[in-house]
Amino acid sequence: MTTDDKAITLGHPSYVWRFGQDRRLDLIRRYVALENARVLDVGCGIGAYVDKFRASGARAFGVDVDADKLADARREKHLDLLALSVSEALPFPDNSFDAVLLHEVIEHVADDRQTICEAHRVCKRGGRVVVFAPNRLYPFETHGAYFGKRYVFGNIPFIGWLPDFLRAKFAPHVRAYTARDIRALFAGLDGALIAHTQIYPGYDKIARWSVLLARCLRGVTYFLENTPLRAFGLSHFAVWAKE
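With the first letter of the sequence shown counted as 1, position 115 gets the number 114 in numbering that gives the first Met the number 0; the numbers rise by one all the way through.
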């Protein structure tokens with residue numbers, strides 16, 4: 000599989016830690032006490048969140064299907080608690096972790112429901128499963144799109160707003176979720192959804208050429224997160240508490 004194929008299929012994001020990632024880490028900290036916790040990052044890539052969890056005092060583990068990214072994580076960040084694994088069959092016993100993170104991962108896996116069930120299985124009772132996932136109502140498809148056989152990288156407008164059969168033609172490589180879809184992934188599991196909202200982007204790419212514009216966009220859209228217009232945010236943020 001080429002680098003481009005991996006980017007399309009696995010959706011590897013930017014691996015530069017910036018404002019947007021700090022903001023998401025702060026959201027996680029609201030619901031997970033990281034110090035002395037055992038935390039698993041499913042789909043960890045080069046270990047950016049594993050590294051931050053470790054710096055926060057957690058015993059942090061990661062799994063990913065991309066052996067090259069795991070090798071980068073071991074070499075560049077000196078992380079050793081990493082394993083090559085699919086998300087649908089995690090190599091850990093039941094009740095192993097205080098928290099399990101799935102950060103922009105479930106949209107790419109073969110079976111998103113089984114992935115959530117596995118995260119729930121390895122999470123301890125009283126622990127948290129934390130999910131970030133693409134919002135179907137966000138005005139742009141951020142994973143690119145197919146136009147016939149030609150794939151176009153970038154943010155493509157309004158694809159998520161199309162009926163399912165049309166969206167599937169443009170974006171067969173990635174899922175996007177409604178609020179109902181996210182709740183359905185946890186249906187029948189022991190526990191409760193203690194947080195579920197939508198969040199807007201960090202605008203880090205915009206900040207590289209206009210800090211002022213990025214600040215303006217953050218100010219406006221982060222205000223919208225406290226209104227019904229949060230429904231159009233970039234990603235779902237959901238936290239499940241296992242009973």
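The beta carbon of each residue, even a glycine, is placed where N, CA and C say it ideally should be.
Outcome for residue i when other beta-carbon atoms lying within 10 angstroms are tallied against a minimum of 16
i: histidine 102; result: buried
i: phenylalanine 164; result: exposed
i: leucine 114; result: Correcting the residue identity first, residue 114 is threonine in this sequence and not leucine. Buried.
i: glycine 125; result: exposed
i: valine 99; result: buried
i: cysteine 122; result: buried
i: aspartate 63; result: buried
i: lysine 204; result: exposed
i: isoleucine 27; result: buried
i: aspartate 110; result: exposed
i: glutamate 242; result: exposed
N- and C-terminal bounds of the beta strand (DSSP E) containing residue i
i: alanine 237; result: 234-241
i: cysteine 122; result: 122-133
i: arginine 150; result: Note that residue 150 is tyrosine in the sequence shown, not arginine. Run containing tyrosine 150: 149-151, per the beta strand (DSSP E) assignment.
i: leucine 100; result: 96-102
Run of the alpha helix (DSSP H) containing residue i, from where it starts to where it stops
i: isoleucine 198; result: Segment 190-198 is the beta strand (DSSP E) holding isoleucine 198; no alpha helix (DSSP H) there.
i: alanine 36; result: From DSSP, alanine 36 is part of no alpha helix (DSSP H); its letter is neither H nor E.
i: phenylalanine 164; result: 163-169
Coarse secondary structure for residue i, derived from DSSP in three states
i: tyrosine 176; result: strand
i: aspartate 63; result: strand
i: leucine 83; result: strand
i: alanine 144; result: strand
i: leucine 48; result: For clarity, residue 48 is tyrosine in the given sequence; the question names leucine instead. Residue state, collapsed to three classes: helix.
i: histidine 119; result: helix
i: arginine 217; result: helix
i: arginine 74; result: helix
i: valine 210; result: helix
i: isoleucine 105; result: coil
i: aspartate 25; result: helix
i: aspartate 93; result: coil
i: arginine 58; result: strand
i: valine 139; result: In the sequence as presented, valine is not what sits at residue 139; that position holds phenylalanine. If DSSP states are grouped into helix, strand and coil, phenylalanine 139 belongs with the strands.
i: aspartate 110; result: coil
Proximity test, residue i beta-carbon vs the ligand COA heavy atom, cut-off 7 Å
i: cysteine 215; result: Annotation note on the ligand COA: not contained in the displayed structure, which lists no ligands.
Residue-level contact to chain C via CB, residue i, 8 Å cutoff
i: alanine 59; result: Reference to chain C is not applicable here, since this structure consists of a single protein chain.
Query raised in the report: How do the stretch 72-85 and the stretch 40-50 stand: do at least 3 beta-carbon pairs fall below 8 Å, yes or no?
Result: Yes, the stretch 72-85 is in contact with the stretch 40-50.
Requested in this report: Spell out a yes or no on whether the stretch 122-141 and the stretch 14-33 are touching, meaning 3 or more CB-CB pairs, one atom from each, closer than 8 Å.
Outcome: Yes, the stretch 122-141 is in contact with the stretch 14-33.
Report task. Take every Cβ of the stretch 127-143, pair it with every Cβ of the stretch 232-241, and state whether three or more of those distances are shorter than 8 Å. Result -> A contact is defined here as three or more CB-CB pairs under 8 Å, and the stretch 127-143 meets this definition with respect to the stretch 232-241.
Report task. Spell out a yes or no on whether the stretch 215-227 and the stretch 197-205 are touching, meaning 3 or more CB-CB pairs, one atom from each, closer than 8 Å. Result -> They touch, by the three-pair rule.
Query raised in the report: Is it true that the stretch 161-179 meets the stretch 209-218, where meeting means three or more beta-carbon pairs spaced less than 8 Å apart?
Result: Verdict: no, contact absent.
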